[in-house]
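**Q** Under the numbering used here, the residues of the sequence shown are numbered 1244 to 1587, in order. My questions will all concern the structure given below.
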Amino acid sequence: SERTEIMSGKKKKDLIDWWLQLIKSKVNDYLTSKRYDFSVVPANYLQESPRSIADVNKNLQIVESILQPDEEEAILLQRKLIDPLCFEIYNKIDLFLENTAVVLRERSQSHMSLNWNKLSFDTNPGEIFALMRQNLKDIADTSVSAWIKNTIDDMEYIGKMKLLEVEMNGIQAFTNPQNGEGGMSHIVPVTGLILNRFARLKIELCYVLEAWIPKMPKEEPPPPIKKPLAKVRAERPRTSTEINKQALTGAFSTPNPGTTSPTLPTQPLLHNPNLPASFSTSSIPSSYSSHSSARRSLNSPVDKDSLSAPSSDRDNISTNSADEEISDYEEMTSSGVTSTMYSS
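This is how it looks when you write it as structure tokens:
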């Protein structure tokens, strides 16, 4: 029964094991949310090396940011971790104290002459504990007196835990180094147990770094990330040739929907199947035919003698051919050929 477990001390042990395991689990969950990697350090880190020194350092930075938090981190830690844990743990502790007080009163009534009508654990527990200690010497059964003394010590300790939690009032009081100048207390409230979990992890990580940095090879920095070729081409500056090519392509590209701008034919003029049936070669000016003949002669294979011509002559040839192309188009435009070609 619960009364037997309280008297044997099992109830107290189970309660302590429960809150320590709960704190460990919730602290680990909080660290995981901060991207702490528990797989970096092996369980047997005294004989087995960590996975990466860089990852150990990352974990250490996370823990240190919690132990010495800025204002934002302190608020987050208080709301997400400390307050929920304190609420859950102290509620269960209060229930344990109530049940233990009932058993303590029952056992002390048969061995002590106390006026329980005027005593209450709810209003003046300190007074009751003081009266019980004074009467311990009158109890002949040492096992009973020892149990009563130990139970009073446990209840007083828990009461001081709760009192210290209220006096410290938040994580900032626990993480402020100036609060330790008056001496360390053997009483650790729930907030102190939570922060102790972080402190133990920090000690562990520092030991791993100290022990394994001299033994592990120096880690090379990660290779640079190579960009896809298409992205590199898009990012590099365009040459003047590409800009001119784009300008020419855009000038003769397909017009936007809804516009009536003509599109220059991509096939030879006289063999374009898209020409209207009314179109005939007779509408082409005679001057165009002579220019066409000149263009065909320019596009024909170059004889060997022209290859030995000076560079200035070759440049003149290419320049003249380009001028003739422009002249062709201007003559067609002025004579109305283009309007006939693209009229529907």
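For every residue, glycine included, the Cβ atom is placed at its ideal position computed from N, Cα and C. Here the structure is a predicted model, which is why all the values come from computation and not from measurement.
Taking the alpha-carbon positions, what's the Leu1263 to Ala1286 distance?
**A** Position 20 of the sequence shown, counting from 1, holds the residue named residue 1263. Position 43 of the sequence shown, counting from 1, holds the residue named residue 1286. Distance between the alpha carbons of Leu1263 and Ala1286 is about 19 angstroms.
**Q** Ends of the alpha helix (DSSP H) at Met1404?
**A** To locate residue 1404, count along the sequence shown from 1; it is residue 161. Residues Thr1385 to Met1411.
**Q** Does DSSP put Thr1434 in a helix, in a strand, or in coil?
**A** Indexing the sequence shown from 1 puts residue 1434 at position 191. In this structure, Thr1434 counts as helix in the three-state DSSP scheme.
**Q** What is the DSSP secondary structure of Phe1364, counted as helix, strand or coil?
**A** As a position in the sequence shown, residue 1364 is number 121, starting the count at 1. Coil, per DSSP.
**Q** Please list the terminal residues of the continuous alpha helix (DSSP H) segment that includes Ala1317.
**A** Working through the sequence shown from its first residue, we reach residue 1317 at position 74. Element bounds for Ala1317: Glu1314 to Leu1320.
**Q** Can you grab the Cα-Cα spacing for the pair Asn1302 / Asp1280, in whole Å?
**A** Locating residue 1302 in the sequence shown gives position 59, where the first residue counts as 1. Locating residue 1280 in the sequence shown gives position 37, where the first residue counts as 1. Their Cα atoms are separated by approximately 7 angstroms.
**Q** Given a cut-off of 8 angstroms on the beta-carbon distance, is the pair Ser1276 and Met1459 in contact?
**A** Counting from 1 along the sequence shown, the entry for residue 1276 is found at position 33. Counting from 1 along the sequence shown, the entry for residue 1459 is found at position 216. Not a contact, by the Cβ cut-off of 8 angstroms.
**Q** Alpha carbon to alpha carbon, how far is Glu1399 from Ser1308? Give it in angstroms, no decimals.
**A** The residue labelled residue 1308 in the question sits at position 65 within the sequence shown. The residue labelled residue 1399 in the question sits at position 156 within the sequence shown. The alpha-carbon atoms of Ser1308 and Glu1399 are separated by roughly 34 angstroms.
**Q** If Val1192 and Asn1439 are in contact, beta carbons under 8 angstroms, what's the gap, nearest whole angstrom?
**A** No information on residue 1192 is available, as it lies outside the stretch 1244 to 1587 that the chain covers here.
**Q** In this structure, how does DSSP classify Val1299 when only helix, strand and coil are distinguished?
**A** Locating residue 1299 in the sequence shown gives position 56, counting from the first residue. Three-state result, Val1299: helix.
**Q** Using only the alpha-carbon positions, how far apart do Glu1424 and Val1433 sit?
**A** Locating residue 1424 in the sequence shown gives position 181, where the first residue counts as 1. Locating residue 1433 in the sequence shown gives position 190, where the first residue counts as 1. Confidence at Glu1424 is low in this model, with a pLDDT of 46, below 50, so its placement is unreliable and the value that follows should be read with caution. Using only the alpha carbons, I get a separation of about 21 angstroms.
**Q** Measuring straight from C-alpha to C-alpha, what distance separates Lys1256 and Lys1323?
**A** For the purposes of this step, residue 1256 is identified with residue 13 of the sequence shown, where counting begins at 1. For the purposes of this step, residue 1323 is identified with residue 80 of the sequence shown, where counting begins at 1. Near 27 angstroms, if we compare the C-alpha coordinates of Lys1323 and Lys1256.
**Q** If you draw a straight line from the C-alpha of Ala1442 to the C-alpha of Asn1393, how long is it?
**A** As a first step, residue 1442 must be located in the sequence shown, where it is residue number 199. As a first step, residue 1393 must be located in the sequence shown, where it is residue number 150. If I take the Cα positions, the gap works out to 30 angstroms.
**Q** To the nearest angstrom, how far is the alpha carbon of Leu1258 from that of Pro1457?
**A** As a position in the sequence shown, residue 1258 is number 15, starting the count at 1. As a position in the sequence shown, residue 1457 is number 214, starting the count at 1. Leu1258 and Pro1457: Cα-Cα distance of roughly 43 angstroms.
**Q** If you drop the 5 nearest sequence neighbours on each side, which residues of the same chain put their C-beta closer than 6 angstroms to that of Lys1254?
**A** Locating residue 1254 in the sequence shown gives position 11, counting from the first residue. Counting only Cβ-Cβ distances below 6 angstroms, and skipping sequence neighbours, we find Glu1248.
**Q** Could you check whether Leu1347 and Ile1391 sit closer than 8 angstroms to each other, using their CB atoms as the reference points?
**A** In the sequence shown, the residue the question calls residue 1391 occupies position 148. In the sequence shown, the residue the question calls residue 1347 occupies position 104. Yes. Within cutoff.
**Q** The alpha helix (DSSP H) that contains Ile1336, what's its start and end?
**A** For the purposes of this step, residue 1336 is taken as residue 93 along the sequence shown, with counting starting at 1. That run of the alpha helix (DSSP H) goes Asp1326 to Gln1352.
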